[in-house]
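A.B. asks: Numbering (the UniProt record's numbering), first residue to last: 1 to 97. Starting off with a structure, shown below.
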Amino acid sequence: GTLAYSPNNIKANVGDMVQFQFAPNNHTVTQSTFAQPCQPIAMNMPGTTGFYSGFMPVTAATTTTPTYTIMINNTTPIWLYCSQGMHCQKGMVAVIN
């Protein structure tokens, strides 16, 4: 499969819930920054924990789709990536707003 979030650019309003649905293999949704897209936000903004779905292993035989949902609290851009292996470096990044 393709290492990408689909869509990779989401427009959301304050109060919206954004749900990530995990496809087969093992992925994460990890908050980052524009300047350091493949590092957790806490590494570059001390005191900010951000969000992290944890690893979501999914097999082709899985009958239910694991999900991870975040609430949008403001319209500041939220940068995110998959922290599995080299997925981010191969383009598995996205932005909300």
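A virtual CB, placed ideally from N, CA and C, is assigned to each residue, including glycine.
1. Give the single residue among Thr2, Tyr52, Thr64 whose Cα lies nearest to the Cα of Ile78.
2. Would you give the residue range spanned by the beta strand (DSSP E) that Ala35 belongs to?
3. Just verifying my parser: in three-state terms, what is the DSSP assignment at residue 99?
4. Leaving out five residues on either side along the sequence, give the residues of the same chain with a beta carbon under 7 Å from the beta carbon of residue 108.
5. Leaving aside the five residues before and after Met56 along the sequence, list all residues of the same chain whose C-beta is less than 8 Å from its C-beta, in chain order.
6. Cutting at 8 Å between CB atoms, please list the residues of its own chain near Pro7, excluding the five before and the five after it.
7. What residues match up with Thr67 in a beta bridge as DSSP calls it?
8. Taking C-beta to C-beta, are Thr24 and Gln31 nearer than 9 Å?
9. Put Met92 into one of helix, strand or coil per three-state DSSP.
10. Am I right that Tyr5 and Met92 are in contact with their C-beta atoms under 8 Å? What's the rounded C-beta distance?
C.D. replies: So, from the data block:
1. Working through the sequence shown from its first residue, we reach residue 78 at position 78. Taking only the C-alpha atoms, the option nearest Ile78 is Tyr52.
2. As a first step, residue 35 is located in the sequence shown; it is residue number 35 there, counting from the start. Note, Ala35: premise wrong, no beta strand (DSSP E); not H, not E.
3. This structure cannot settle anything about residue 99, because the visible part of the chain is limited to 1 through 97.
4. Absent from the model: residue 108. The displayed extent of the chain is 1 to 97, so no value can be given.
5. Here residue 56 corresponds to residue number 56 of the sequence shown, with the count starting at 1. The residues are Phe22, Asn26, His27, Thr28, Pro66, Tyr68.
6. The sequence position of residue 7 within the sequence shown is 7, counting from 1. Result list for Pro7: Ala94, in chain order.
7. By 1-based counting over the sequence shown, the position of residue 67 is 67. Per DSSP, Gln21.
8. The residue given as residue 24 occupies position 24 in the sequence shown. The residue given as residue 31 occupies position 31 in the sequence shown. Position check: residue 24 holds Pro in this sequence, whereas Thr was assumed. Cβ distance not < 9 Å, so Pro24 and Gln31 don't count as in contact.
9. Taking the first residue of the sequence shown as position 1, residue 92 is located at position 92. Met92 falls in the coil class under three-state DSSP.
10. Walking along the sequence shown from the start, residue 5 turns up at place 5. Walking along the sequence shown from the start, residue 92 turns up at place 92. At roughly 7 Å, the Cβ-Cβ gap stays under 8 Å, so Tyr5 and Met92 are in contact.
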